[in-house]
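Enquirer: Read in order, the letters of the sequence shown correspond to residues -25 to -1, 1 to 115 in mature numbering (1 follows the signal peptide of the UniProt record, and there is no 0).
Built from N, CA and C at the ideal position, the CB exists for glycine as well.
In this text, all values refer to a predicted model and were calculated from it rather than measured experimentally.
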Amino acid sequence: MKTIRVLPCALLLIGCASAPLPPLAQDRARITLDPDVGSLAQAYRLDGEPQRSLRFDDLSTGPHELQVRYDFETPSPGAVQGVMSSGRRTCIMAISHDFAPGRHYRLELARRGWRPAGWLYDDRGNLLTRAREVRCGPGV
(Lines of atoms letter the chains of each structure in order from A and count residues from 1; the text may use other names and numbers.)
(Lines give C-alpha, C1' and ligand atoms only; values in the text may rest on other atoms or scores of the structure.)
Protein backbone atom coordinates (compact mmCIF):
# COMPACT_ATOMS: atom_id res chain seq x y z
CA MET A 1 0.00 0.00 0.00
CA LYS A 2 2.88 2.38 0.78
CA THR A 3 4.30 1.76 -2.69
CA ILE A 4 1.08 2.99 -4.25
CA ARG A 5 1.31 6.29 -2.30
CA VAL A 6 5.01 6.82 -2.96
CA LEU A 7 4.78 6.30 -6.72
CA PRO A 8 2.60 9.39 -7.46
CA CYS A 9 4.89 11.54 -5.30
CA ALA A 10 7.97 10.28 -7.12
CA LEU A 11 6.34 10.96 -10.49
CA LEU A 12 5.45 14.48 -9.38
CA LEU A 13 9.03 15.18 -8.37
CA ILE A 14 10.36 13.89 -11.68
CA GLY A 15 7.92 16.13 -13.53
CA CYS A 16 9.09 19.18 -11.57
CA ALA A 17 12.79 18.56 -12.24
CA SER A 18 14.28 21.02 -14.69
CA ALA A 19 15.83 19.80 -17.90
CA PRO A 20 19.61 20.04 -18.13
CA LEU A 21 20.98 23.03 -20.01
CA PRO A 22 22.25 22.42 -23.53
CA PRO A 23 26.01 22.60 -24.11
CA LEU A 24 27.37 26.14 -24.31
CA ALA A 25 28.05 27.40 -27.83
CA GLN A 26 31.64 28.56 -28.33
CA ASP A 27 30.52 32.09 -29.28
CA ARG A 28 28.34 32.57 -26.16
CA ALA A 29 28.84 33.09 -22.40
CA ARG A 30 26.74 31.54 -19.62
CA ILE A 31 25.84 33.15 -16.28
CA THR A 32 24.78 31.08 -13.27
CA LEU A 33 23.05 32.88 -10.41
CA ASP A 34 24.24 31.61 -7.02
CA PRO A 35 22.27 33.19 -4.13
CA ASP A 36 22.81 32.56 -0.41
CA VAL A 37 20.83 29.74 1.22
CA GLY A 38 17.29 30.99 1.93
CA SER A 39 17.59 33.74 -0.68
CA LEU A 40 16.16 34.06 -4.18
CA ALA A 41 17.77 35.56 -7.29
CA GLN A 42 16.27 36.07 -10.73
CA ALA A 43 17.28 37.79 -13.95
CA TYR A 44 15.90 41.34 -14.02
CA ARG A 45 17.47 43.29 -16.91
CA LEU A 46 20.10 42.68 -19.57
CA ASP A 47 21.52 45.86 -21.11
CA GLY A 48 18.42 47.73 -19.89
CA GLU A 49 15.92 45.27 -21.40
CA PRO A 50 13.53 43.49 -18.97
CA GLN A 51 14.01 39.72 -18.72
CA ARG A 52 11.08 37.30 -18.57
CA SER A 53 12.98 34.32 -17.21
CA LEU A 54 14.42 33.36 -13.85
CA ARG A 55 17.87 33.01 -15.41
CA PHE A 56 19.75 34.81 -18.17
CA ASP A 57 19.86 33.21 -21.58
CA ASP A 58 23.37 32.53 -22.86
CA LEU A 59 24.90 35.91 -23.73
CA SER A 60 26.61 37.13 -26.84
CA THR A 61 30.20 37.95 -26.03
CA GLY A 62 31.37 41.46 -25.28
CA PRO A 63 30.40 44.09 -22.71
CA HIS A 64 27.02 43.73 -20.99
CA GLU A 65 25.26 45.09 -17.91
CA LEU A 66 23.22 42.51 -15.99
CA GLN A 67 20.73 43.38 -13.29
CA VAL A 68 19.45 40.78 -10.85
CA ARG A 69 16.51 40.92 -8.42
CA TYR A 70 17.81 39.58 -5.12
CA ASP A 71 15.38 38.73 -2.31
CA PHE A 72 16.90 37.84 1.07
CA GLU A 73 15.97 37.42 4.71
CA THR A 74 16.92 40.18 7.15
CA PRO A 75 17.11 39.99 10.93
CA SER A 76 14.68 42.07 12.93
CA PRO A 77 16.22 44.75 15.13
CA GLY A 78 14.10 43.64 18.10
CA ALA A 79 12.78 40.52 19.65
CA VAL A 80 9.20 39.69 20.57
CA GLN A 81 9.01 37.70 23.81
CA GLY A 82 12.57 36.49 23.34
CA VAL A 83 12.00 35.23 19.79
CA MET A 84 13.85 36.94 16.96
CA SER A 85 11.62 37.73 14.02
CA SER A 86 12.80 38.34 10.50
CA GLY A 87 11.63 39.98 7.32
CA ARG A 88 12.47 39.94 3.64
CA ARG A 89 14.26 42.58 1.62
CA THR A 90 14.43 42.86 -2.16
CA CYS A 91 17.22 44.67 -3.99
CA ILE A 92 18.35 45.15 -7.57
CA MET A 93 22.04 44.34 -8.04
CA ALA A 94 24.04 45.15 -11.20
CA ILE A 95 27.31 44.08 -12.75
CA SER A 96 29.07 45.29 -15.88
CA HIS A 97 31.60 43.02 -17.54
CA ASP A 98 33.18 42.19 -20.90
CA PHE A 99 32.19 38.54 -21.32
CA ALA A 100 34.51 36.16 -23.20
CA PRO A 101 33.28 33.48 -25.65
CA GLY A 102 32.79 29.91 -24.46
CA ARG A 103 33.10 30.80 -20.76
CA HIS A 104 30.92 30.05 -17.74
CA TYR A 105 30.47 32.75 -15.09
CA ARG A 106 28.96 32.60 -11.62
CA LEU A 107 27.27 35.58 -9.94
CA GLU A 108 27.36 34.90 -6.20
CA LEU A 109 24.92 36.91 -4.08
CA ALA A 110 24.88 37.21 -0.29
CA ARG A 111 23.56 39.46 2.45
CA ARG A 112 25.76 41.43 4.78
CA GLY A 113 23.32 42.34 7.56
CA TRP A 114 20.78 44.61 5.89
CA ARG A 115 22.88 45.14 2.74
CA PRO A 116 23.22 42.91 -0.32
CA ALA A 117 26.59 41.99 -1.82
CA GLY A 118 27.59 40.24 -5.02
CA TRP A 119 30.66 38.98 -6.85
CA LEU A 120 31.20 37.74 -10.41
CA TYR A 121 33.58 34.78 -10.79
CA ASP A 122 34.89 33.07 -13.90
CA ASP A 123 34.91 29.30 -14.44
CA ARG A 124 38.32 29.08 -12.73
CA GLY A 125 37.03 30.73 -9.54
CA ASN A 126 38.78 34.08 -10.12
CA LEU A 127 36.98 37.17 -8.82
CA LEU A 128 36.28 39.44 -11.79
CA THR A 129 34.12 42.23 -10.41
CA ARG A 130 31.83 43.18 -7.56
CA ALA A 131 28.11 43.82 -7.99
CA ARG A 132 26.73 47.22 -7.07
CA GLU A 133 23.44 47.90 -5.36
CA VAL A 134 21.07 49.78 -7.68
CA ARG A 135 18.16 50.09 -5.24
CA CYS A 136 16.35 48.26 -2.46
CA GLY A 137 12.90 48.47 -1.00
CA PRO A 138 9.22 48.00 -1.69
CA GLY A 139 8.14 47.73 -5.30
CA VAL A 140 11.47 46.35 -6.45
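Flag this pair as yes or no: are the beta carbons of Leu84 and Ala16 separated by less than 8 Å?
Expert: Yes. Within cutoff.
Enquirer: Quick one: using the 10 Å Cβ neighbour count with 16 as the cut-off for buried, is Val12 buried or exposed?
Expert: Val12 comes out exposed.
Enquirer: Tell me the DSSP bridge mates of Trp89?
Expert: Partner(s): none; Trp89 has no beta bridge.
Enquirer: Flag this pair as yes or no: are the beta carbons of Leu29 and Ile6 separated by less than 8 Å?
Expert: No, they are not a contact pair.
Enquirer: Whole-angstrom Cβ separation of Cys111 and Thr65, contact assumed at under 8 Å?
Expert: Going by Cβ atoms, the distance from Cys111 to Thr65 rounds to 7 Å, so yes, they are a contact pair.
Enquirer: Would Ala75 be called buried (16 or more neighbouring beta carbons within 10 Å of its own) or exposed?
Expert: The residue is exposed, with fewer than 16 neighbouring Cβ atoms inside 10 Å.
Enquirer: Roughly how many whole angstroms lie between the Cα atoms of Arg63 and Arg99?
Expert: Answer to the nearest angstrom: the Cα atoms are 32 Å apart.
Enquirer: Classify Asp11 as helix, strand or coil using the three-state DSSP reduction.
Expert: Asp11: coil per DSSP, three-state reduction.
Enquirer: Could you give the distance in angstroms between the alpha-carbon of Gly93 and the alpha-carbon of Glu40?
Expert: Between Gly93 and Glu40, the C-alpha separation is close to 14 Å.
Enquirer: Should Arg86 go down as buried or exposed, given a rule of 16 or more other Cβ atoms within 10 Å for buried?
Expert: So Arg86 ends up on the buried side.
Enquirer: Look up residue 116 in the DSSP assignment and give the residues it is bridged to.
Expert: Beyond the ends of the chain as shown, which are -25 and 115, falls residue 116; an answer cannot be given.
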